[in-house]
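Residue numbers (our numbering): 13 to 535.
Rendered as structure tokens:
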């Protein structure tokens, strides 16, 4: 094929918006033979001829690209190549590159305005590019199409093109740079959904530690895509919302959401203020009054203000739950209150660093002011009030705190057996009454052992006895790893005492809780 023919195949841009118009005309002309119909045909004949020529040109272009992509032989072309002594493969590559360049230039020069729209040519170019998806020579064109700014709602990239890209990328048959991947997710919902589900699956695999989750999420491009495109974040967050409703008590899932939100805000901070959406745009379903308080990092506030801040958050959430219960009592079919409480809890889960501060403050709080903090911690672990169990679970949480407060306030040795056994019994499931989440009690235990005033050896002994008798070695190791990671994020490891105590507890849980002395969980 000569260069002139290549130019001819890209000279016209098919206006795909005219397709429905000519389809309706064809139906009308075929159904009646009247003077009016014949007059209408004569009026539109020239315009129809031009449209059909453009359509033929587009079909020819697709055929040429398919031919070049598959290296199929053509008699006339082979004879011409032999005459000039040009190898077949070299000929195909040159013509293919020429066509790719021409199409790329045509979409790059296109503009969308009131007089003319290039979106039809973008659709046609993407459709013609389908057979070239895995062709290295077509990479510049694929990148150009993906990153084309669509300012017109009438047209965009063809579904065939996006589906082919998604399939090839999923099979690892196609390499895309970072921005091209982000653009693919922005324009292809199936590709975005698959990426989110793959991340969730890999990050919640049994045995995954908080450090491994952090590594996987931070290496993913999804937080970056969410920061650049609010619509991408809304889709990702909706998937998270659906998963969380089905796995309310899964701490691994919560950990993924917390890590993802942290990485998302890091990417958002790298953008220019004028290019990023508002918090309300990213979280339209969350209670507006809680957005700023929860997304303010603890390190951004004076230490002496943290307790009052969390007291306010606790009281705000209590008001929401009371409103929900009042609405349920007055109208059992009204789900609005339940939706508000779930969204508030979802926000609290994403801002899990505040929950860690709650537990740490409970170590230094007295009986007179621990109530609101315990309510907030219990709400985090037991957000729904199925059969009015929240009150019962709050009683159990207060009992767990009372036992730990007594254990870590008494330097006497041996350890008070009554308090120790009573605390361990709270970790055992109870057949006919709601059990307290083990992660709640273990979180309290690990924080009392880390930040309490007992000697390090006694704190380690208490932890060892509880974890060994309850059989919750893996869960305790995960809680400790999350604590260590959270403190590292907040810059709290400047305190050597805290660092040493965490290392001692880590060794206790790993090496002393197994009868054979082997490590059970690599944290």
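For glycine and all other residues, C-beta sits at the position ideal for the given N, C-alpha and C.
- The DSSP assignment places no complete beta strand (DSSP E) segment of no fewer than 3 residues inside the segment 288 to 323.
- By a beta-carbon distance limit of 8 angstroms, residue 373 does not contact residue 410. Their separation comes to about 15 angstroms.
- In this structure, residue 459 places its C-beta atom within 8 angstroms of the C-beta atom of residue 371.
- When secondary structure is reduced to three states using DSSP, residue 459 falls in the helix class.
- It is roughly 16 angstroms from the alpha-carbon of residue 212 to the alpha-carbon of residue 238.
- Taking one beta carbon from each stretch, the segment 476 to 485 and the segment 285 to 299 have fewer than 3 pairs nearer than 8 angstroms; the two do not touch.
- In the DSSP assignment, residue 488 falls within the alpha helix (DSSP H) that extends over 485 to 501.
- Taking a C-beta distance under 8 angstroms as the contact criterion, residue 197 and residue 168 do not qualify as a contact pair.
- Counting only runs of 4 or more residues that sit fully inside the segment 207 to 280, the alpha helix (DSSP H) segments are 222 to 231, 234 to 240, 242 to 258, in chain order.
- With respect to the C-alpha of residue 170, the residue from 157, 383, 182 having the closest C-alpha is 157.
- Residue 37 and residue 139 have their alpha carbons spaced roughly 25 angstroms apart.
- For residue 407, the closest C-alpha among the options 418, 391, 422 is that of 391.
- Straight-line measurement puts the Cα of residue 182 at about 11 angstroms from the Cα of residue 188.
- Its Cα nearest to that of residue 497, the residue 514 stands out among 420, 39, 312, 514.
- By the C-beta density criterion, residue 464 is buried, having at least 16 other C-beta atoms within 10 angstroms.
- When the five nearest sequence neighbours on each side are left out, the beta carbons in the same chain lying within less than 8 angstroms of the beta carbon of residue 190 are those of 233, 236, in order along the chain.
- By the Cβ rule, the segment 302 to 315 does not count as touching the segment 243 to 262, because fewer than three pairs are nearer than 8 angstroms.
- Taking each of 226, 429, 413 in turn and checking the Cα distance to residue 453, the smallest one comes out for 413.
- Residue 492 places its beta carbon less than 8 angstroms from that of residue 517.
- Sequence-distant Cβ neighbours of residue 359 in its own chain, meaning closer than 8 angstroms and more than five residues away, are 295, 298, 299, 302, 303, 306.
- In the three-state DSSP reduction, residue 156 falls in the helix class (H, G or I).
- For residue 322 against residue 352, the beta-carbon gap comes to about 20 angstroms, at or over 8 angstroms, which does not count as contact.
- Separation of the CB atoms of residue 271 and residue 206 is rounded to 20 angstroms, and the pair is thereby denied contact status at 8 angstroms.
- Secondary structure note for residue 178: its alpha helix (DSSP H) is the uninterrupted segment 171 to 182.
- Cβ contact annotation for residue 208 (same chain, cutoff 6 angstroms, sequence separation greater than five): 248, 251, in chain order.
- Apart from sequence neighbours up to five positions away, the residues of its chain that approach residue 41 with a beta-carbon distance below 7 angstroms are 49, 53, ordered along the chain.
- Taking the CA atoms as reference points, residue 356 sits about 18 angstroms from residue 268.
- Cβ atoms of residue 393 and residue 440 stay farther apart than 8 angstroms, at about 17 angstroms.
- Around the beta-carbon of residue 33, fewer than 16 other beta-carbon atoms lie within 10 Å, marking it exposed.
- If you draw a straight line from the Cα of residue 281 to the Cα of residue 317, it is about 25 angstroms long.
- Taken in chain order, the whole alpha helix (DSSP H) runs of length 4 or more contained in the segment 392 to 441 are 402 to 419, 429 to 438.
- Nearest in C-alpha terms to residue 467, of all of 113, 446, 419, 502, is 419.
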